[in-house]
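Input: a single structure, listed below in C-alpha cells.
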Amino acid sequence: MGTSNLLIMLSMLGSLLYLLLIISILQRRDLREHSAGLLVDFVLCSWPWTLGHLILWLDGLPFLPRPLITRLLLYNALLLSIVFFHLTRAFLRRDGRSWRWWIAGLVWLLAGVLLGEKLLPLPDPIWPGSGQALSIDTITFWIVTVGWAAFMGSALWLSGQTYAQIQQPLHRNRITYWFTVTVLIIADALFFLTGSATPGGGLHLVGVIIATYVILTHGLPDVRHTARRVISYLIITGLTVALYTAGILATQYAFQSVPGYSPWLAVAAIALVLAIVFDPLSKMVQRIINRLITDTRYDLRRMVQQYSANISNVLDLEQLATMAITFICNELQIRRGAVYVIHHIRRPGQEWPDDYFKLRGIVGTGDGLPPGIELPEGALLPQSPVVENLRDLPSLSQYDIDLLPKFQGAPPEEKAWLANLNMDIYVPIYASGEWIGLLTFGPKRSGDRYFDHDLDLLRTLADQTAVALENARLFDDLKYRNEKIEQLNYELSVANEKLARLDQAKSDFIGVASHELRTPMTQIRGYSDMLLDMLESDSLNPESGAMMIRGMSKGVNRLEEIVNKMFEISKIDTETLDLSVEAVSLKEIIDAVVKEFDPALLERRQMLSVENLANLPTIIADDDRLKQVFMHLIQNAIKYTPDGGRISIIGRDLSETGLRPEDAFVEIVVADTGIGLATEELEQIFEKFYRVEDARHHSTGQTKFKGAGPGLGLTIARGIVTAHGGRIWGESRGYDEINLPGSEFH
Numbered sequence: 007m008g009t010s011n012l013l014i015m016l017s018m019l020g021s022l023l024y025l026l027l028i029i030s031i032l033q034r035r036d037l038r039e040h041s042a043g044l045l046v047d048f049v050l051c052s053w054p055w056t057l058g059h060l061i062l063w064l065d066g067l068p069f070l071p072r073p074l075i076t077r078l079l080l081y082n083a084l085l086l087s088i089v090f091f092h093l094t095r096a097f098l099r100r101d102g103r104s105w106r107w108w109i110a111g112l113v114w115l116l117a118g119v120l121l122g123e124k125l126l127p128l129p130d131p132i133w134p135g136s137g138q139a140l141s142i143d144t145i146t147f148w149i150v151t152v153g154w155a156a157f158m159g160s161a162l163w164l165s166g167q168t169y170a171q172i173q174q175p176l177h178r179n180r181i182t183y184w185f186t187v188t189v190l191i192i193a194d195a196l197f198f199l200t201g202s203a204t205p206g207g208g209l210h211l212v213g214v215i216i217a218t219y220v221i222l223t224h225g226l227p228d229v230r231h232t233a234r235r236v237i238s239y240l241i242i243t244g245l246t247v248a249l250y251t252a253g254i255l256a257t258q259y260a261f262q263s264v265p266g267y268s269p270w271l272a273v274a275a276i277a278l279v280l281a282i283v284f285d286p287l288s289k290m291v292q293r294i295i296n297r298l299i300t301d302t303r304y305d306l307r308r309m310v311q312q313y314s315a316n317i318s319n320v321l322d323l324e325q326l327a328t329m330a331i332t333f334i335c336n337e338l339q340i341r342r343g344a345v346y347v348i349h350h351i352r353r354p355g356q357e358w359p360d361d362y363f364k365l366r367g368i369v370g371t372g373d374g375l376p377p378g379i380e381l382p383e384g385a386l387l388p389q390s391p392v393v394e395n396l397r398d399l400p401s402l403s404q405y406d407i408d409l410l411p412k413f414q415g416a417p418p419e420e421k422a423w424l425a426n427l428n429m430d431i432y433v434p435i436y437a438s439g440e441w442i443g444l445l446t447f448g449p450k451r452s453g454d455r456y457f458d459h460d461l462d463l464l465r466t467l468a469d470q471t472a473v474a475l476e477n478a479r480l481f482d483d484l485k486y487r488n489e490k491i492e493q494l495n496y497e498l499s500v501a502n503e504k505l506a507r508l509d510q511a512k513s514d515f516i517g518v519a520s521h522e523l524r525t526p527m528t529q530i531r532g533y534s535d536m537l538l539d540m541l542e543s544d545s546l547n548p549e550s551g552a553m554m555i556r557g558m559s560k561g562v563n564r565l566e567e568i569v570n571k572m573f574e575i576s577k578i579d580t581e582t583l584d585l586s587v588e589a590v591s592l593k594e595i596i597d598a599v600v601k602e603f604d605p606a607l608l609e610r611r612q613m614l615s616v617e618n619l620a621n622l623p624t625i626i627a628d629d630d631r632l633k634q635v636f637m638h639l640i641q642n643a644i645k646y647t648p649d650g651g652r653i654s655i656i657g658r659d660l661s662e663t664g665l666r667p668e669d670a671f672v673e674i675v676v677a678d679t680g681i682g683l684a685t686e687e688l689e690q691i692f693e694k695f696y697r698v699e700d701a702r703h704h705s706t707g708q709t710k711f712k713g714a715g716p717g718l719g720l721t722i723a724r725g726i727v728t729a730h731g732g733r734i735w736g737e738s739r740g741y742d743e744i745n746l747p748g749s750e751f752h
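Numbering (my numbering), first residue to last: 7 to 752.
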C-alpha cells in the first residue's frame with residue numbers, strides 16, 4: 007500500500023472518529039451549555055492537528071512541503087491552547103467574561119501567522135551582525151510557544167486552584183479526569199515542539215476522547231475507588247501466587263528425598279490442601295486489605311439499632327437534631343452536617359410567594375460550623391426541580407444540582423442558598439407522606455464519595471428519624487405556643503398596668519388641672535369682685551385699680567398657659583405639630599430662656615452655668631418650639647433641685663466624631679444636683695399626665711421645690727424634639743432626697 011493510500015485511509019478513519027465525537031456531543035448535550043459548544047470547537051480544531059501529524063509521520067505530501075505543515079501545526083497548537091483554556095473555564099464553571107482572553111489569544115495567533123508567513127516587511131534574519139542572528143522562523147516558533155505555554159499553563163493552574171478550593175469529592179473526581187486530559191494534551195504538544203517523534207498526535211487524540219467522555223458523562227467512575235480496587239486486586243493476586251509457589255517449592259524440597267516420591271502426586275496433594283485452606287485465607291487477607299486500603303464498611307444492623315435507641319425517647323427538637331447529626335457524622339466520618347425542619351407555608355409573605363417550603367436550621371456540627379452558629383434559613387418553591395427530586399428520590403447530591411441539565415431551571419436564589427451551605431448530600435425526611443425535615447451532610451474526612459451502601463444507610467437513618475422528628479416537632483410547637491401564650495399574658499399584664507397608670511394619671515390630671523385652673527380663676531374672680539365693689543362704693547383709686555388689673559392679667563396668663571399645653575398635646579398626638587424652621591443659634595435660644603428664670607433662680611438661691619454653647623454650629627429648627635423645650639427642661643431642673651443647688655447646661659457638637667453630615671447631631675445636656683429619678687421612671691416621665699409625686703400632695707407653683715404641674719411638660723418636649731428628627735432621654739442614678747444624685751436630660 008502506498009503512502010498516499012495509507013494517508014487517505016488513516017485520514018478518513020480520523021475524520022470519522024472526530025465526526026462521531028461531534029455527533030455524540032450534539033446528541034447528548036444542549037448546545038446552549040457553554041462547555042458543550044466549546045467542546046465542539048475543540049474537536050473541530052483537533053482534527054487538523056491529528057491530520058497534520060499523520061502527514062508528517064508519513065513523510066508529507068508532494069504538494070504540502072514539510073516546513074509548511076510544521077508551521078500550520080505550530081499555529082494550530084496555539085489555537086488549540088486558546089480554545090482549551092476557555093473550555094477549561096467553562097468546565098470548571100468559572101464565571102466572568104472571557105472575551106478579553108479571546109481577543110488576546112487571537113491577536114497573539116494573528117501576530118504569529120503574520121510573522122511566520124513573512125507577511126510583514128521584516129528582514130530575515132533579524133539583527134545580523136550583532137550577536138547571533140535570529141531567523142523569522144525561530145522568532146515565530148518562540149512567540150507561538152510562549153503563547154501556547156501561557157494558555158495551557160493557565161488551564162492547568164485553574165484546574166489545580168479549583169481542585170484545592172472545592173470540597174465535594176464528586177467534583178474533585180471530575181477535575182481529576184480533567185487533569186488527565188490536560189496532561190495528555192500538553193505532553194502531545196511538547197513532543198511536537200521539542201521535535202520528538204509523535205505517532206499521529208495519538209496522545210492528543212486520547213485526550214480529546216477522554217474530554218468528550220468526561221463532559222458527556224455525569225456519573226464518572228471514581229478514580230480513587232478504582233485505584234484502590236486495582237491495588238487491592240494486585241496485592242491479593244501477588245499473595246495468592248506467592249502462597250501457591252511457596253507451597254509447591256516447600257513440598258518438593260521436603261519430600262524429594264523420600265523413596266517413591268512422585269512430583270505430580272505431591273503437586274496434586276499441595277493443590278488439594280491449598281484449595282481447602284486458600285478460600286478462608288484469601289477472604290481474611292482481602293478483609294485486611296480492604297480495611298487498610300479500600301473504603302471501610304460498617305455493621306448496618308448495629309448502627310441502625312443504636313441510632314434508634316438513642317433518639318427514640320427524645321422530645322426536645324434541638325437535642326434530637328444534635329444527637330442525630332452527631333451520631334451520623336461520627337460513625338461515617340463526615341466533616342459536617344446539619345438538620346433542617348421543613349414548614350410548608352401557604353399564605354402570602356413579603357419575601358416569598360404564597361406557597362413555599364421554609365427550611366429552618368435546627369443544629370449543625372463539624373468543620374466550618376462553630377457551636378451555636380445560626381444556620382441560614384432557606385425557601386424552596388414546590389415546583390422547583392430540587393423539591394421535585396427530593397420528593398421522588400431518597401437522596402440528592404450537590405453534584406447533581408450543579409451539573410444535571412434538569413436543575414438548570416431552578417431559581418438562582420435556591421441554587422445559591424444550597425451552594426452556600428457547602429454540603430454534599432441532602433436526604434429528605436418524610437412522615438405520613440409529608441416532607442418534615444432534611445438531613446444535609448458535607449464531604450467525608452477521608453475524601454471519598456458517598457457510595458451506594460453509604461446512601462442506603464443514610465436513607466435508613468432518615469426513615470428512623472421521621473417518627474422521632476415528627477414527635478419533637480409537635481412537642482416544639484406545643485412548647486412554642488405555651489411560650490407565646492406566656493409572652494402574650496405578660497404583655498397583657500404590662501398593658502393592663504400601663505392602662506391602670508394611664509387611668510390614674512388621667513384622674514390625677516383632672517384633679518391637678520382643676521386645682522391649676524381653680525387658682526387663677528379664683529384670683530380673677532377675687533380681683534373682679536373687689537374691683538366691682540370699689541366701683542360701686544366709688545372708693546377706687548388708680549393704684550388699687552392697677553394692682554387688681556395686674557392680678558387678673560396674671561391669672562389669665564396662667565389659664566392661657568395651661569390651655570396651650572393641652573392644645574400642644576393634642577397636636578403631638580395627631581402628628582399635626584407645625585414647625586417654622588430657619589437657621590437658629592442654640593446659644594441665643596438658651597440665653598433667652600435662662601433670662602426668664604433669673605428671678606426664680608435668685609429666689610431659690612440656685613446657680614445655673616452654661617458651657618460650650620458659643621462653639622455650637624447653627625442649626626435648622628423652629629426657634630419658638632425649641633424655647634418651649636428648654637423652658638420645660640430648665641423649669642423641671644429648678645423644681646426638683648433643693649434650694650442652693652446647681653444646674654448646668656452643656657453643649658456638644660457630635661459632628662466632630664466623623665459622622666456623615668446628614669447623621670451629625672448637636673447635643674444639649676441639662677444637668678442638676680437635685681433629688682434624681684428612679685430608674686423605672688426614666689421612660690414613664692415622658693408619658694402624658696405622668697407625675698413623679700402623688701397628685702394628692704400637689705402644690706401649685708412653677709418653680710417651687712417639688713411643685714408639680716399637670717404632667718405635660720416633658721411630653722411636649724419629646725414631641726417637639728422628635729418632630730425635629732432628634733431624640734430626648736433622661737439619665738439618673740436613682741431617687742434620693744438625702745444624697746441628691748441629680749439627673750441629666752439629653
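Idealized CB from N, CA, C, for every residue including glycine.
Residue environment, H703, which counts as buried when at least 16 other CB atoms sit within 10 Å:
With a pLDDT of 47 at H703, under the threshold of 50, the predicted position of this residue should be treated as unreliable, and no value is reported.
Here's a check: name, in chain order, each residue in its chain whose Cβ is nearer than 8 angstroms to the Cβ of P417, leaving out the five neighbours to either side.
Listed in chain order, the non-local C-beta contacts of P417 below 8 angstroms within the same chain comprise L387 and S390, local neighbours out to five positions each way being set aside.
Are Q612 and G651 closer than 7 angstroms when you measure CB to CB?
Cβ atoms of Q612 and G651: closer than 7 angstroms.
Counting beta carbon pairs with one atom in the stretch 40 to 59 and one in the stretch 79 to 89, are three or more of them shorter than 8 angstroms?
Contact between the stretch 79 to 89 and the stretch 40 to 59 is present, because at least three Cβ pairs lie under 8 angstroms.
Cβ neighbours of L639 in the same chain (closer than 6 angstroms, five flanking residues each side left out):
Non-local beta-carbon contacts of L639 in its own chain, meaning distances under 6 angstroms to residues more than five positions away in sequence, involve V676 and F751 in chain order.
Taking G343 as the reference, give the member of T624, F333, D406 and L74 with the closest Cα.
Nearest C-alpha to G343: F333.
Quick check on the DSSP output: the beta strand (DSSP E) that includes H350 runs from which residue to which?
Annotation: the continuous beta strand (DSSP E) that includes H350 extends over R342 to I351.
Nearest-angstrom Cα separation, counted from H210 out to N179:
Cα to Cα, the separation comes out at about 21 angstroms.
From P376 to L162, what distance separates their C-alpha atoms?
Low per-residue confidence applies at P376: pLDDT is 48, beneath 50, and the placement is therefore not dependable enough to give any value.
Buried versus exposed, by CB contacts within 10 Å (16 or more), P382
Around the Cβ of P382, a 10 Å sphere holds fewer than 16 other Cβ atoms; the residue is exposed.
Mind checking W270: buried by the 16 CB within 10 Å criterion, or exposed?
Under a 10 Å Cβ-count criterion, W270 is classified as exposed, with fewer than 16 other Cβ atoms of the shown protein chains found around its own Cβ.
Out of T721, R531 and F147, which one is the CA nearest neighbour of L565?
Minimum Cα distance to L565 is reached at R531.
According to the neighbour-count rule (16 or more other Cβ atoms, all chains shown, within 10 Å of its Cβ), is Y24 buried or exposed?
Label assigned to Y24: buried.
Please report the distance separating the alpha-carbon of L541 from that of Y533.
In this structure, the alpha-carbon of L541 lies about 12 angstroms from that of Y533.
Looking at the secondary structure, which residues open and close the beta strand (DSSP E) in which F692 lies?
Looking at the DSSP string, F692 is not in any beta strand (DSSP E), and its letter there is neither H nor E.
For P73 and A110, what's the separation of their Cα atoms in angstroms?
Per the coordinates, the alpha-carbon of P73 lies some 27 angstroms from the alpha-carbon of A110.
With DSSP as the reference, identify every bridge partner of E737, one or two as the case may be.
Its beta-bridge partners are E750.
Under 7 angstroms between C-beta atoms of P449 and D469
Taking 7 angstroms as the Cβ cut-off, P449 and D469 do not qualify as a contacting pair.
What's the call for R631, buried or exposed, on a 16-neighbour Cβ count within 10 Å?
Flag for R631 reads buried.
Collapsed DSSP secondary structure at D406 in the structure displayed
D406 falls in the helix class under three-state DSSP.
Please report the distance separating the alpha-carbon of P526 from that of D539.
Going from the Cα of P526 to the Cα of D539 covers about 20 angstroms.
Select from V369, T371, G370 and H349 the residue whose C-alpha is nearest the C-alpha of F363.
For F363, the nearest C-alpha among the options comes from H349.
Considering only C-alpha positions, which residue in the set L409, R479, E602 and Q404 is nearest to K633?
Distance from the Cα of K633 is smallest, within the candidate group L409, R479, E602 and Q404, for E602.
Output the distance between the C-alpha atoms of S654 and E673, rounded to the nearest integer angstrom.
Whole-angstrom Cα-Cα distance: 14 angstroms.
Straight-line gap, I145 to V189 (C-alpha atoms, nearest Å):
Going by the C-alpha atoms only, they are around 26 angstroms apart.
Are there three or more Cβ pairs, one per stretch, closer than 8 angstroms when the stretch 214 to 224 is compared with the stretch 488 to 507?
In short, these stretches do not touch, since the Cβ pair count stays below three.
For H459, does the count of other Cβ atoms within 10 angstroms reach 16, so buried, or fall short, so exposed?
Exposed: under 16 other Cβ atoms inside 10 Å.
Measuring only the C-alpha atoms, how far is E693 from G717?
Between E693 and G717, the C-alpha separation is close to 8 angstroms.
Using a Cβ-Cβ cutoff of less than 7 angstroms, which residues in the same chain neighbour S591 once the five nearest sequence positions on both sides are dropped?
Cβ within range, chain order: T624.
Buried or exposed (CB count within 10 angstroms, at least 16 for buried), F573
Of the residues assessed, F573 falls on the exposed side of the cut-off, its CB having fewer than 16 other CB atoms within 10 angstroms.
Nearest-angstrom Cβ-Cβ length linking I442 and V320, presumed shorter than 8 angstroms:
No, I442 and V320 are not in contact; Cβ-Cβ is about 15 angstroms, not under 8 angstroms.
Apart from the five residues on each side of it in sequence, which residues of its chain come closer than 8 angstroms, Cβ to Cβ, to T232?
The beta carbon of T232 sits closer than 8 angstroms to no other beta carbon from its chain once the five residues preceding and following it are set aside.
By the three-class DSSP mapping on this structure, what secondary structure does W358 have?
Confidence in W358 is poor, its pLDDT being 48 and thus under 50, which makes the residue's placement too unreliable to answer from.
Thinking just about the alpha-carbon of each residue, which of Y183, L126 and N642 is nearest to the one in D228?
The shortest Cα separation from D228 among Y183, L126 and N642 belongs to Y183.
Give me the Cα-Cα distance between W107 and E337, rounded to the nearest whole angstrom.
The alpha-carbon atoms of W107 and E337 are separated by roughly 48 angstroms.
What residue range does the beta strand (DSSP E) around V587 cover?
For V587, the enclosing beta strand (DSSP E) starts and ends at V587 to V590.
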